[in-house]
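Read through the structure below, which is laid out as structure tokens, and then see the notes.
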Amino acid sequence: CFPGCLTIQIRTVLCIFIVVLIYSVAQGCVVGCLPWAWTSKPNSSLVILSSRGQRTALPALPCESVHHALICCLVGTLPLAIFLRVSSLPKMILLSGLTTSYILVLELSGYTRAGSGAVSGRSYEPIVAILLFSCALALHARQVDIRLRLDYLWAAQAEEEREDMERVKLDNRRILFNLLPAHVAQHFLMSNPRNMDLYYQSYSQVGVMFASIPNFNDFYIELDGNNMGVECLRLLNEIIADFDELMEKDFYKDLEKIKTIGSTYMAAVGLAPASGAKAKKSISSHLSTLADFAIEMFDVLDEINYQSYNDFVLRVGINVGPVVAGVIGARRPQYDIWGNTVNVASRMDSTGVQGRIQVTEEVHRLLRRCSYHFVCRGKVSVKGKGEMLTYFLEGRTDGNGSHLRSLGLERKMGPYGRAGLQGRRPPVCPTGLPGRAGLPSHSAGQYLPSTTAGKEA
477 CFPGCLTIQI RTVLCIFIVV LIYSVAQGCV VGCLPWAWTS KPNSSLVILS SRGQRTALPA
537 LPCESVHHAL ICCLVGTLPL AIFLRVSSLP KMILLSGLTT SYILVLELSG YTRAGSGAVS
597 GRSYEPIVAI LLFSCALALH ARQVDIRLRL DYLWAAQAEE EREDMERVKL DNRRILFNLL
657 PAHVAQHFLM SNPRNMDLYY QSYSQVGVMF ASIPNFNDFY IELDGNNMGV ECLRLLNEII
717 ADFDELMEKD FYKDLEKIKT IGSTYMAAVG LAPASGAKAK KSISSHLSTL ADFAIEMFDV
777 LDEINYQSYN DFVLRVGINV GPVVAGVIGA RRPQYDIWGN TVNVASRMDS TGVQGRIQVT
837 EEVHRLLRRC SYHFVCRGKV SVKGKGEMLT YFLEGRTDGN GSHLRSLGLE RKMGPYGRAG
897 LQGRRPPVCP TGLPGRAGLP SHSAGQYLPS TTAGKEA
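For the sequence shown, the positions run 477 to 933 when the numbering used here is used.
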């Protein structure tokens, strides 16, 4: 049984019972006029006076209740119009039965047999009247049924459109939260008209990371010459998607992806509003999360290289400092960050070494007590900044000084293998400059894969 069928059945049975009950009571007086109820010929007569004063005597009807037969039938069938929620089919079947019953009662009663003269000429008028009344009730029932069905279809269509609208609303909300950070998206979802103004926010300490794949352009040019440029873009999409999936981990929930520019991945930490548990986190904790994310990006790229038989190499630059974040654009809003910190982070990437994470001196100062292994690269010429002292973030050790190696290093051999990495001697820091963040000289960190061993500045 479909949902609601039991209610419909109960309603139909109740309608039939009530209509039959009313009809039976209304026609009860007429049943007494049937031929077998006649005991004798009527002794009374009906006198009719004409306009000229002439008297015409007609025999009276054997049963006076016959005059009320039509009214009784109308009263008995009229309740069919009250039950609006009953289908028209059972109404018409019941109406046909009641009309047939009335005609039989009328024909078998004394109305027709006793009528003569003027009365006999009008003996079929009640039958015609009840047929017309039955047709009117049937038409009314059909119209009500059609209207109810249309109302149901309109309600179902409205509900479907409402669900579609809610689905589109959820899709738009999901797209908005993909384009903008959660706290920024909530700002624009509020009903306050002032929220449609320019949105911007200043931050005093934000960690910024640029991660690029320098040899991806050569890979694209080679495949594009063989009409396989689409496959190259598909592979790039898989790489970026894997980086996004990595950021979805709970450990990296404080990170925020800013954008991708070609094969360069830009992310930042410290942009979320300081509230609740996040207010207790220091910039060192945020930078530690960003550094761990950068280290794990190498594992993700190594896994892709292992499965696709490629040799993509990651190059990462990290900086920390004040930035300004905001949303630009009306039809296609884009969340971005600006400031000297962003420019220096980009320079850390562009002037870095493939397979290494280059950080500024400020990042090294904040992370040197967090069990990270740094190697001083020396001074690097940075456009617009002159000579800057930079460091390579080689990896991280646990609290006991044990080596934490990358999964990619365990899989790979050759120029990416452990032998090549362990054979490298890190450059010595200049005199008077901090060394390896206070780590013991024998400690070895989580080294990152590199294809440029021997090309360090």
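By construction, the Cβ of each residue, glycine as well, lies at the ideal position given by its N, Cα and C atoms.
Option in E732, L777, L674 with minimal Cα separation from D718: When E732, L777, L674 are compared, the shortest CA-CA separation from D718 is found for L777.
- request: With distances taken Cα to Cα, identify the nearest neighbour of A743 among G573, A687, T488.
  value: Minimum Cα-Cα distance from A743 among the listed residues G573, A687, T488 corresponds to A687.
message: Please state whether the Cβ-Cβ distance between L763 and G683 is less than 7 Å.
response: Cβ atoms of L763 and G683: closer than 7 Å.
message: By the DSSP assignment, the beta strand (DSSP E) with D787 in it spans what residues?
response: In the DSSP annotation of this structure, D787 is not part of any beta strand (DSSP E), being labelled neither H nor E.
field: Cβ-Cβ distance between R561 and R618 below 7 Å
entry: No Cβ-Cβ contact shorter than 7 Å links R561 with R618.
message: For R844 and D730, what's the separation of their Cα atoms in angstroms?
response: CA-to-CA, the gap between R844 and D730 works out to about 21 Å.
task: Tell me where the beta strand (DSSP E) around L656 begins and ends.
output: Per DSSP, L656 belongs to no beta strand (DSSP E) and is neither H nor E.
query: Near L656, which residues of its chain fall below 8 Å by C-beta distance, leaving aside the five closest residues on each side in sequence?
result: Excluding sequence positions up to five before and after L656, its CB lies within less than 8 Å of the CB of F664, V803, P809, Y811, all in the same chain and listed in chain order.
query: For V604, is the classification buried or exposed, using 16 other Cβ atoms within 10 angstroms of its Cβ as the cut-off for buried?
result: Around the beta carbon of V604, fewer than 16 other beta carbons lie within 10 angstroms, which makes this residue exposed.
message: Would the region 721–738 count as touching the region 855–872 if we require 3 or more Cβ pairs under 8 Å?
response: The count of Cβ pairs closer than 8 Å, one atom from the region 721–738 and one from the region 855–872, stays below three, leaving the stretches out of contact.
query: To which residues of the same chain is T827 closer than 6 Å at the C-beta, ignoring the five residues directly before and after it?
result: Within the same chain, T827 has close Cβ partners V856.
message: By alpha-carbon positions, which one of T836, F774, I780 ends up nearest to I794?
response: Nearest neighbour of I794 by Cα position, chosen from T836, F774, I780, turns out to be T836.
query: Using the C-alpha atoms, what's the distance from Y600 back to V495?
result: Between V495 and Y600, the C-alpha separation is close to 25 Å.
query: Going by beta carbon distance, what residues of the same chain come within less than 7 Å of C846, once the five residues before and after it are set aside?
result: Answer for C846: S760, S764, listed in chain order.
- prompt: Grouping DSSP H, G and I as helix and E and B as strand, with all else coil, what is Y728?
  reply: Helix at Y728.
task: Would you tell me roughly how many angstroms separate the C-alpha atoms of L869 and K757, rounded to the nearest one?
output: L869 and K757 have their C-alpha atoms some 22 Å from each other.
Pick from Y676, Y848, Q830 that is closest to G815, judged by C-alpha positions: Cα-wise, what sits closest to G815 is Y676.
- request: With DSSP collapsed to three states, give me the class of G797.
  value: In the three-state DSSP reduction, G797 falls in the strand class (E or B).
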